[in-house]
Amino acid sequence: MPDVTIQDQIDTIIENAINEPQLVGASVGVMGDNEVIHARGYGYADLNKKIKATEHTVYRIGSITKQFTALAVMILVEQGKVDLNDIMLDYLPNYPQRDHKVTIDQLLNHTSGIKSYTDIEKFWEISERDLSRQETVDLFSSEPVEFSPGENFQYNNSGYYLLGLIIENVSGMSYADFLKANVWQPLEMFDTYYLGKIKNVKNIATGYDHKDNEFVLARPIGMDNPFSGGSLGSSVLDLLKWQTTLNENKLISRQSYNKMIEPGLLTGGKHTTYGYGFFISNLNGHRKIEHGGTINGFRAQLSAYPDDGLTVTVLCNLNSAPQTQLESQISRLILGIPEIVINEIHVSEAELQLYTGNYKWCSTMAPVPFPVSVAEGTLRVGGRPLSAIGNHTFVFSTDPYYTVTFTIKDGKSISFRAEREGQVTDALRDE
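Set out below in structure tokens:
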């Protein structure tokens, strides 16, 4: 009997997810010590046209865009054109909130206190068309600030939108042209694009939602709207190349890169779990720097384990795809981390109905409702099975490191909190 390779086991992980079905298509890239050891596609990039996903398939990568924005700022810092401690207003003199003194550093590490425009309902009402830069800035700059600069951490798409405007003002180039000239062309990243202005991209995937047990086209969004917080598209091969570049200090110095992966510091002295375009966490003691992306019809994950020389990226074209669980499964496999045993308790199907309904993730580029349902006696989030462990808390059956805790009021669930490796995401019931 032939030996089962790491590549075979990765194939099994993804193919099982496709067969459940939890995926339409996906591409996976794995790099060890800056050498690609696995890169391939699974399922379909376009279901209707029966176009297979490959390692060159281009997916919307959502908020992984923020890594490119942060690096662009650091290039300008090294050129002496931007200072991290400068006030944002020095570069955006027409910004209306004159009394809110936010630094470039605070925009980068999500401690600005500016309201995220993706938390504003009006944005989603008009998001299918491309908004002007001024329209978008007007949406959030007219909102009250949520806390004093540096006082708290709150993930924020407005901050990275403003960083894109700063890059354009300082460089005299469009955001897309700056990245193309300073990043993509030097690195020969030929599968990476700014999707806000390009309508025809070779090898681009189609995004889907999972509704009523079938895959349907995802709700459209004007792809210029996420801008420097989420408008890029890329392939797994290009993202591996990107991480190699960061590891080898090809575009910025080691000192600047170390600053990007350093936890932010609040004014009260507490550290956050975010640097500049990177979440900082660990997987069973293995240091991890990573970012995910969620945008209409797409899920993306790029994770690096610097002390282990490992990078894993998973790109999917389904709004409910379990990209973080898949990345975690692959990384645990390669790092030799054993699966944990789930101490599951029995919950009757009648009790499970307490949690069912449609929910929306908070602070995301894809606020499409998704179901929590019961099938064959099992509670499922977006079709993915959960195992009960008590006190309204569940774990994903395929990723027991990922917990889901429901909040109950007046006999039904009103929200839940999903937590994995120190990262917390909330979802509210969508009535």
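Anchor point for the sequence shown: position 204 equals 207 in the working numbering, and the numbering is continuous, going up by one each time. Glycine is no exception: its CB is placed at the ideal position from the N, C-alpha and C atoms. Bear in mind that the values here come from a model prediction, so they are computed numbers and not experimental data.
Residue nearest to Asn-51 within the set Gly-296, Ser-418, Ala-208 and Gly-199 is Ala-208 (criterion: CA-CA distance). In this structure, Ser-119 is the residue among Ser-119, Gly-414, Tyr-158 and Met-176 with its C-alpha nearest to the C-alpha of Ser-145. When C-beta atoms of the region 75-82 are compared with those of the region 123-130, fewer than three pairs fall below 8 angstroms, so the two segments do not count as touching. Positions of the alpha helix (DSSP H) runs, each at least 4 residues long and wholly inside the region 92-175, are given as 107-111, 124-129, 136-144 and 160-174 in order along the chain. The Cβ atoms of Ile-21 and Gly-32 do not sit closer than 9 angstroms to each other. No Cβ-Cβ contact shorter than 9 angstroms links Asn-206 with Thr-68. With fewer than 16 neighbouring CB atoms inside 10 Å of its own CB, Glu-128 falls in the exposed class. When rounded, the separation of the alpha-carbon atoms in Asp-108 and Asn-88 is 6 angstroms. For Ala-75, the enclosing alpha helix (DSSP H) covers residues 68-81. Residue ranges of uninterrupted beta strand (DSSP E) with 3 or more members, entirely inside the region 217-253 and ordered along the chain, are 217-220 and 235-237. Contact annotation: Phe-230 and Tyr-158 have beta-carbon atoms that are not nearer than 9 angstroms. In the DSSP annotation of this structure, Glu-293 is not part of any alpha helix (DSSP H); the continuous beta strand (DSSP E) holding it starts and ends at 289-298. Inside the region 296-340, DSSP marks whole alpha helix (DSSP H) runs of 4 or more residues at positions 326-338, from first to last along the chain. In the pairwise beta carbon analysis, the region 320-330 is classified as not touching the region 233-250: fewer than three pairs are separated by under 8 angstroms. Measuring C-alpha to C-alpha distances from Thr-270 to each of Ser-237, Ile-283 and Phe-156 identifies Phe-156 as the nearest. Residues of the same chain with a CB within less than 7 angstroms of the CB of Pro-403, apart from the 5 flanking positions on each side, are Ile-343 and Ile-345 in chain order. Contact between Asp-310 and Arg-335 does not hold, since their C-beta atoms are separated by about 15 angstroms, which reaches or exceeds 8 angstroms. In the same chain as Phe-181, and ignoring 5 residues on each side of it, the C-beta atoms closer than 8 angstroms to its own belong to Ala-75, Ile-170, Glu-171 and Ser-174, in chain order. One thing to note: Thr-248 has its Cβ no nearer than 9 angstroms to the Cβ of Leu-240. The way I'd put it, the region 292-311 does touch the region 211-221; three or more beta-carbon pairs between them come closer than 8 angstroms. Scanning Ser-115, Gln-137 and Ala-184 for the CA closest to the CA of Phe-150 turns up Ser-115. With contacts defined as CB atoms closer than 9 angstroms, Asn-361 and Pro-341 fail to qualify as a contacting pair. Here the alpha carbons of Val-148 and Arg-387 stand approximately 37 angstroms from one another. DSSP places Lys-214 in the uninterrupted beta strand (DSSP E) bounded by 211-214. CA-CA distance, Ile-40 to Phe-409, rounds to 39 angstroms. When beta bridges are read from the DSSP output, Asp-429 appears opposite Arg-420. For Leu-355, the enclosing alpha helix (DSSP H) begins and ends at 352-355.
In this structure, Gly-44 sits near Ser-30, with a CB-CB distance shorter than 9 angstroms. Runs of the beta strand (DSSP E) spanning 3 or more residues and lying entirely within the region 357-401 occur at 360-364, 373-378, 381-384, 387-393 and 396-399, in chain order. Sequence-distant partners of Phe-143 (beyond 5 residues in either direction) whose C-beta falls short of 6 angstroms from its own C-beta, in its chain, are Lys-118, Tyr-120 and Ser-161. A Cβ-Cβ separation of about 17 angstroms leaves Asp-133 out of contact with Gly-210 under the 8 angstroms criterion.
Under the three-state reduction of DSSP output, Lys-273 falls in the coil class, being neither helix nor strand.
With a cutoff of 9 angstroms on beta-carbon distance, Ala-391 and Phe-399 are scored as not near each other.
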